[in-house]
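Which chain is which? The protein sequence lines are E, P and A, in order. Note that my numbering has the first sequence beginning at 1, numbered continuously upward. Note that my numbering has the second sequence beginning at 1001, numbered continuously upward. Note that my numbering has the third sequence beginning at 2001, numbered continuously upward. Just so you know, even glycine gets a beta-carbon here, dropped at the ideal spot from N, CA and C. Bear in mind the structure is a predicted one, so any value in this text is a computation, not a measurement. Below: the structure, in structure tokens.
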Amino acid sequence: MRLTSLAELLGGAVRGEDREITGASTLEESAPGDITFLANPKYRGKVNETRAAAIIVAEELDLPISQIITENPYLYFARVLNLLYPEKPHKAGISESAYVHPDAIVHEGACIYPHVYVGADARVFENCVVYPGCFIGDGASIGEHTVLHPNVVVYDGCTVGRHCIIHAGVVIGSDGFGFVWDGKRHAKIPQKGTVIVGDHVEIGSNCTIDRAALTSTRIGSDVKMDNLVQIGHNVVVGDHTVIVAQTGISGSARIGKGVVLAGQVGVAGHITVGDGCTAAARSGIVADIPPGKVISGFPAMDHTRWLRVQTVYKDLPELLKRVRELERKVKALAED
Amino acid sequence: MRLTSLAELLGGAVRGEDREITGASTLEESAPGDITFLANPKYRGKVNETRAAAIIVAEELDLPISQIITENPYLYFARVLNLLYPEKPHKAGISESAYVHPDAIVHEGACIYPHVYVGADARVFENCVVYPGCFIGDGASIGEHTVLHPNVVVYDGCTVGRHCIIHAGVVIGSDGFGFVWDGKRHAKIPQKGTVIVGDHVEIGSNCTIDRAALTSTRIGSDVKMDNLVQIGHNVVVGDHTVIVAQTGISGSARIGKGVVLAGQVGVAGHITVGDGCTAAARSGIVADIPPGKVISGFPAMDHTRWLRVQTVYKDLPELLKRVRELERKVKALAED
Amino acid sequence: MRLTSLAELLGGAVRGEDREITGASTLEESAPGDITFLANPKYRGKVNETRAAAIIVAEELDLPISQIITENPYLYFARVLNLLYPEKPHKAGISESAYVHPDAIVHEGACIYPHVYVGADARVFENCVVYPGCFIGDGASIGEHTVLHPNVVVYDGCTVGRHCIIHAGVVIGSDGFGFVWDGKRHAKIPQKGTVIVGDHVEIGSNCTIDRAALTSTRIGSDVKMDNLVQIGHNVVVGDHTVIVAQTGISGSARIGKGVVLAGQVGVAGHITVGDGCTAAARSGIVADIPPGKVISGFPAMDHTRWLRVQTVYKDLPELLKRVRELERKVKALAED
């Protein structure tokens, strides 16, 4: 693909020689023929060393390398990747080694791989790809253009929207964690609700999302979830929210729109994290957070305060020494 | 179902009009025809706004709403849910698309879904439900009335008791983590033990429970485990213990009876947590804990102490300022 | 098996009566006929109480019990376990209930269980065991003598080396977590790289290892990973490194050789942990660590410093009291 062809398809202005592009890579790992990008100015120095044939940049560089000028080089690069390395096609139809209940409705344009199970009254819409080992329970629904990677489990009655990517081993709709002591043992609170996942959602491998007790656990549209994330029952996650790996959200918590929860965060039950909040890695959120806050630590506090607290924390032995020295001096002064 | 019919089946005293009950919900989400409950007095105010037809309460309310009076409204509500929304039936028998080893013993009253694998000498008892994609290894045993949700893996020789609910993706019996350096690389300590899970145990999705090196990893009866919990080899978990999501218990730890480990807790290897202990979320338990303690923090300490420590911790910058001010004053006094 | 036969096969010097060995166990759990071992001198006292027929020791004990003297008793014991309890054999061949793409190359000495899926151009080498429910994607490769336990997923194009043990539910090659905001929603950065797992690697159940964006996520040889570990895209893990349960490594981090990351550790993206480092449980590593360091805490610091910090931390309420007392005294002195 030539640079000018890329620009015709994706926009941007070409500067320098029109080169043939055969691959894409980072600045450092480029081979001749590759296109690369510069999104973060701190990597500007690496441009001189790249072997790439062309570079995507926000502002023209005074260098002999061929360039595409565009507002958002990283986004442009993502689009180039889609052109250079298209998704592999999947043959529509139901494998003979899959089990599809006679009362399920599977669109003829969906691809059902071997060893899939589709239950009664389940629906699989157009252009879905359901990889081997997936389970789609009775009455569950998978929206059009959604991909379930191998061994995904969607329990009875749960709904996944359109254009979603659900990675291997994800469990959607297992029972929420609810018990009541009956005097002898824990009686189960039946979990009769469901899970509703919006559109354009990506869920990382081996995540777990519990069904609600009575209503719905809801994952908004354009939510992006990394691997091994846990979502408790009745949780609501707002649109565009990003949840990084190994984070856990306890039952009935409400996470706003456009929130970022970094890795290994924990959110307590029944609390609200406002729209646009960012929680740094390992934050432990135990109280409501108003919109727009940046927080850290456990219990979570304002991020800038946490940074100051940590500065003192790591020097606690020295602080103790200073207090001891003060005690010695004050004693001496008192005895004078 | 009428209120009086509920009371005939489940006990409790009916007050007010005998209403037809068609659903169940929380105070806030009730529709007409629903039954709801009041378990926590702090939600008393919401009773006035509920649209429910009837409410389960511990003490009669001076309100026109129909009521069932019972000692434990939440437990009663759980039982009502079971009546109103019974479990779906499963057809006994072995799917033609399942593989059952000729030397396995599967009770004729068990339900084996497609794509299940049951190994040699494995046993599946009466009324078990084994969902698609489950693996039951050679010599493994699944007790009566136990449900294995899709893609559960029970390694060779492991035992799951009666009336258990094992959620999707759970792994029972993978090798414990044991190695010894042989001078060139890590030699594996063969893990020749097993896992024994008691009765009435519920295990959340994608949990992992390792087999013992030589003896048994043991999960007591009525243990309730949330999602993504990790149990190391040789661990013993006592009856009635509750383990919340993403908690990890290291090898050879002993967790007593009636313990509560909240979310994202970690327990070090070879230590003992006494009966009836409660560990708050994110506790890191690195030493033995006597029975009945409530602990928090990392390293875990008495919960009330931890609360006091946290109060000072979050104000560390101010404490440092006070020490600086003292130093200044003491210096001035000394120079007087 | 007689003691002298063990010594012929595995080396070591026999002392005392040549006994018949029928099992193996720890000092405390031994039955007559068992062989046991003493690796850690602190358990020396338990030798007197063992019921074992023989013991493996580093130095001869002045006791009537039969002994094998060897340099590394624990390693010797591991080898004895392999002799006494050999791995069960697997019948080579492809189950009729497996799906193997006509363009896949499966060695005739490999064992493919029912409900396995092997994609186009995938390779499964000699003596591999692929348990039920595994997915081996197009162009993926599984080296000789490697075992995939049930429901392992190896995405397209990923490579697992030789003599590996991959436990149930592991996901290798799911998409790395990369998005760029396009003004309306998160656009996906296509993840076009792969995962390369070395030889003699063991990966615990339900671990997740993401494919690289453009190049390879690489797991070195002899790496040992416990359960529920998360490895982000582009991560490199050096040979012989040990990663304990529930640890998460963010994208593009580089973990050296012979590193130990204990349980529930977190490693931030793009940082380097030097060869031979040890991170204590729950460390949160947010900056580069030079080789050979022992670290703890969050943000991670030198382990000995962390221990001193923790000592002051847990006594913060008392430190505050001392500061208050100083303030009172200094005030009194100033007023004198």
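Reference residue i, options the options, closest by Cα
i	options	result
E:V103	E:S283, E:A78 and E:Y117	For clarity, residue 103 of chain E is Asp in the given sequence; the question names Val instead. Nearest option by C-alpha distance: E:Y117.
E:G161	E:G220, E:L316, E:G109 and E:H115	E:G220
E:K188	P:H1200, P:E1017 and P:G1263	P:H1200
E:G183	P:H1240, P:M1225, P:S1250 and P:I1105	P:H1240
P:H1115	E:I35, E:C134, E:C111 and E:E87	E:C134
P:H1107	P:S1097, P:D1315, P:V1130 and P:Y1085	P:V1130
E:K42	E:D226, E:L27, E:V14 and E:V286	E:L27
P:A1052	P:I1021, P:D1226 and P:S1030	P:S1030
P:I1196	P:C1158, P:E1059, P:F1179 and P:V1229	P:C1158
E:D288	E:P32, E:I271, E:H303 and E:I65	E:I271
E:E59	E:S25, E:L84 and E:E71	E:E71
A:G2137	A:V2154, A:E2318 and A:V2260	A:V2154
P:G1198	P:H1186, P:T1304, P:V1229 and P:S1141	P:S1141
E:T194	E:V147, E:L6, E:Y313 and E:S174	E:S174
P:A1110	P:T1146, P:I1069 and P:E1318	P:T1146
P:P1086	E:P190, E:I69 and E:R44	E:P190
Own chain residues within Cβ distance below 6 Å of residue i, not counting five before or after
i	result
E:E144	F125, E126, N127 and R162
A:H2149	Y2131, H2167 and A2168
A:V2170	V2152, I2203 and C2207
A:V2237	I2219, G2220, V2223 and I2255
E:G276	G258, P291 and G292
A:I2105	R2123
P:V1286	A1268 and P1299
P:M1001	I1021
E:G16	S66 and Q67
A:V2294	T2278 and H2303
P:G1274	G1256, I1289, P1290 and P1291
Any non-hydrogen atom of the ligand GDP closer than 7 Å to residue i Cβ
i	result
E:H233	Among the components of this structure there are no ligands whatsoever, and the ligand GDP is therefore not found.
N-terminal and C-terminal residue of the beta strand (DSSP E) that residue i is part of
i	result
P:R1015	A1013 to R1015
P:F1179	F1179 to W1181
A:T2208	T2208 to D2210
E:R218	S216 to I219
E:K42	Neither: E:K42 is in no beta strand (DSSP E) and is coded neither H nor E.
E:A54	A54 to V57
A:G2173	V2171 to S2174
Spatial neighbours of residue i in its chain, beta-carbon cut-off 8 Å, leaving aside the 5 residues before and after
i	result
A:A2262	V2244, T2247, T2278, A2279, A2280, A2281, R2282 and S2283
E:G269	G232, S250, G251, S252 and A253
Cut-off 7 Å between Cβ atoms - residues of its own chain near residue i, not counting five sequence neighbours on either side
i	result
P:D1226	G1204, I1243, V1244 and A1245
A:V2100	I2094, V2106, I2112 and V2118
P:L1063	V1047
A:L2009	L2083
P:P1073	F1037, L1038, A1039, I1056, V1057 and A1058
Beta bridge counterpart(s) of residue i as assigned by DSSP
i	result
A:D2302	A:I2295
P:D1034	P:G1023
E:F125	DSSP, once it has assigned bridges, lists no residue as partnering E:F125.
A:A2213	According to DSSP, which records beta bridges pairwise, A:A2213 is partnered with nothing at all.
E:Q310	According to DSSP, which records beta bridges pairwise, E:Q310 is partnered with nothing at all.
A:Y2099	A:Y2117
Boundaries (first-last residue) of the alpha helix (DSSP H) holding residue i
i	result
E:T241	Here E:T241 belongs to no alpha helix (DSSP H), and DSSP marks it neither H nor E.
A:S2005	L2003 to L2010
E:K321	L316 to E335
E:V80	P73 to L84
Quick one: which residues of the segment 22–41 of chain E get their C-beta closer than 8 Å to a C-beta of chain A? List them in chain order. A24, S25, T26 and E29
In chain order, what residues of the segment 147–165 of chain E put their CB closer than 7 Å to some CB of chain P? N151 and V153
Near-chain E residues of the segment 2300–2332 of chain A - C-beta to any C-beta below 7 Å: M2301, R2308, V2309, V2312, Y2313, L2319, R2322, V2323, L2326, K2329 and V2330
Interface residues of the segment 1269–1281 of chain P facing chain E [CB-CB below 9 Å]: A1281
Chain A contacts made by the segment 1095–1107 of chain P, where a contact means CB separation under 7 Å: Y1099
Listed from N- to C-terminal order along the chain, which residues in the segment 1238–1270 of chain P have their beta-carbon within a distance smaller than 8 Å of any beta-carbon of chain E? H1240, V1242, V1244, A1245, Q1246, G1263 and Q1264
Of all the residues that make up the segment 2188–2204 of chain A, which are near chain E by a beta-carbon distance shorter than 8 Å? K2188, I2189, P2190 and K2192
Please name the residues in the segment 1126–1144 of chain P whose beta-carbon is closer than 9 Å to at least one beta-carbon of chain E, in chain order. Y1131, P1132 and G1133
With 8 Å as the C-beta to C-beta threshold (strictly closer), list the residues of the segment 2111–2124 of chain A near chain E in chain order. H2115 and Y2117
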